[in-house]
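K.L.:
Residue numbers (the UniProt record's numbering): 1 to 272.
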């Protein structure tokens with residue numbers, strides 16, 4: 001019995017040593033892997049960026065309000081060294097995205113460095129909804145989100161042009177549903193989302209009394225829409241569509257000089 005107890009103690013002793021070696025062995029392996037990983041990361045961080053590839057997603061008709069070269073110039077101005085001398089450690093992709101999104105026509109930017117040490121940049125442009133050419137001298141685009149955009153030297157976007165007595169720009173107009181700019185945006189969205197109206201309407205003129213007069217792309221007619229109302233205006237536009245589709249084919253649009261939608265449940269057409 002004593003011999004068995006001694007043998008058991010010896011067995012447990014060597015078993016403990018084996019377990020300890022195995023445990024510490026895995027620790028050393030893990031530490032070694034960590035050292036290699038850190039070394040690889042450090043080596044990659046010290047590596048030079050081989051190329052920068054900006055891609056601007058075009059608007060409709062392959063239009064670009066901002067070009068890739070302009071974005072590269074913007075990035076170059078934000079770094080302390082030339083772009084062709086940048087190391088991976090010099091680049092903070094979040095900062096790159098922030099810099100690009102400060103450009104007026106950039107709505108969203110995504111950047112990442114791939115396995116080939118190429119800085120890839122994808123830029124999504126802001127989408128103009130209306131162009132404002134007001135009697136007060138203001139001239140700008142209003143985008144889908146209500147952001148004011150300057151005119152682009154690269155491209156003129158084909159969107160409805162708003163003229164006449166447009167109220168001056170106000171940074172907080174979106175907070176007031178009844179603000180004239182907010183109402184123009186609502187009308188702009190209604191025109192844009194309807195294929196027929198989008199193809200039909202070219203201009204929105206704001207009168208001194210705040211009423212809206214539309215001009216079609218074809219013909220010399222004017223369309224009296226009246227003051228904007230979130231319930232009544234869509235109904236008037238629907239009547240206009242029906243009139244164009246069902247009434248005009250029989251008479252021909254050339255015979256008319258104006259269509260008036262301000263009367264309930266009808267379109268009053270005046271012949272030329």
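Ideal Cβ positions, reconstructed from N, Cα and C, are used throughout, including at glycine.
These figures come from a predicted structure and were not determined experimentally.
Please state if the CB of residue 65 and the CB of residue 140 are separated by a distance shorter than 8 Å.
P.N.:
No, they are not a contact pair.
K.L.:
For residue 131, which residues from the same chain have a beta carbon less than 6 Å from its beta carbon, with the 5 sequence-adjacent residues on both sides left out?
P.N.:
Correct list, in chain order: 141, 159, 161.
K.L.:
Name the residue from 123, 182, 189, 119 whose alpha carbon lies nearest to the alpha carbon of residue 108.
P.N.:
Here the closest residue by C-alpha is 123.
K.L.:
What is the rounded straight-line gap between the Cα of residue 13 and the Cα of residue 120?
P.N.:
Because the pLDDT of residue 13 is 49, which lies under 50, any placement of that residue in the model is unreliable, and the number read from its coordinates should be weighed accordingly. Distance between the alpha carbons of residue 13 and residue 120: 59 Å.
K.L.:
List, from N- to C-terminal side, the beta strand (DSSP E) runs of 3 residues or more that fit wholly inside the segment 84-140.
P.N.:
Qualifying beta strand (DSSP E) stretches, in chain order: 106-113, 118-125, 128-134.
K.L.:
Can you tell me whether DSSP reads residue 216 as helix, strand or coil?
P.N.:
Strand, per DSSP.
K.L.:
Do you know whose CA, among 231, 51, 75, lies nearest residue 115's CA?
P.N.:
Checked all of 231, 51, 75; the closest Cα to residue 115 is 51.
K.L.:
Is it the case that the Cβ atoms of residue 135 and residue 164 are separated by a distance below 8 Å?
P.N.:
Yes, Cβ-Cβ distance for residue 135 and residue 164 is below 8 Å.
K.L.:
Do the segment 97-108 and the segment 175-194 touch if we need at least three Cβ pairs shorter than 8 Å?
P.N.:
With a cut-off of 8 Å, the segment 175-194 and the segment 97-108 do not count as touching, because too few Cβ pairs lie within range.
K.L.:
Where does residue 79 sit, in a helix, a strand or coil, going by DSSP?
P.N.:
If DSSP states are grouped into helix, strand and coil, residue 79 belongs with coil.
K.L.:
Please return the same chain residues whose Cβ sits closer than 6 Å to the Cβ of residue 117, not counting the five positions on each side in sequence.
P.N.:
47, 49, 50.
K.L.:
For residue 238 versus residue 217, is the C-beta distance shorter than 8 Å?
P.N.:
No, they are not a contact pair.
K.L.:
Within this structure, are the beta carbons of residue 181 and residue 127 separated by less than 8 Å?
P.N.:
No; because the gap between Cβ atoms is not below 8 Å, this pair is not in contact.
K.L.:
Measuring straight from C-alpha to C-alpha, what distance separates residue 233 and residue 191?
P.N.:
Those two C-alpha atoms are separated by around 11 Å.
K.L.:
List the endpoints of the continuous beta strand (DSSP E) containing residue 65.
P.N.:
First-last for residue 65: undefined, no H or E at that position.
K.L.:
May I have a chain-ordered list of the beta strand (DSSP E) segments no shorter than 3 residues that lie completely inside the segment 173-248?
P.N.:
Whole beta strand (DSSP E) segments, 3+ residues: 201-206, 212-216, 222-226.
K.L.:
Would you tell me roughly how many angstroms separate the C-alpha atoms of residue 207 and residue 213, rounded to the nearest one?
P.N.:
Those two C-alpha atoms are separated by around 8 Å.
K.L.:
Mapping DSSP to helix, strand and coil, what is residue 60?
P.N.:
Residue 60 falls in the helix class under three-state DSSP.
K.L.:
Determine the DSSP secondary structure at residue 53, reduced to helix, strand or coil.
P.N.:
Residue 53 falls in the strand class under three-state DSSP.
K.L.:
Per DSSP, which residues does residue 143 bridge with? Please list them.
P.N.:
The partner list for residue 143 (beta bridge, DSSP) reads 128.
K.L.:
Going by DSSP, what residue range makes up the beta strand (DSSP E) through residue 256?
P.N.:
Here the beta strand (DSSP E) through residue 256 covers 256-260.
K.L.:
Can you tell which of 96, 145, 151, 157 has the C-alpha that lies nearest to the C-alpha of residue 171?
P.N.:
Out of 96, 145, 151, 157, 145 has the C-alpha closest to the C-alpha of residue 171.
K.L.:
Using DSSP's beta-bridge definition, name the partner residues of residue 47.
P.N.:
Answer is none; residue 47 lacks a bridge partner.
K.L.:
What distance in whole Å lies between the Cβ atoms of residue 262 and residue 226, which are believed to be in contact at a cut-off of 8 Å?
P.N.:
Going by Cβ atoms, the distance from residue 226 to residue 262 rounds to 4 Å, so yes, they are a contact pair.
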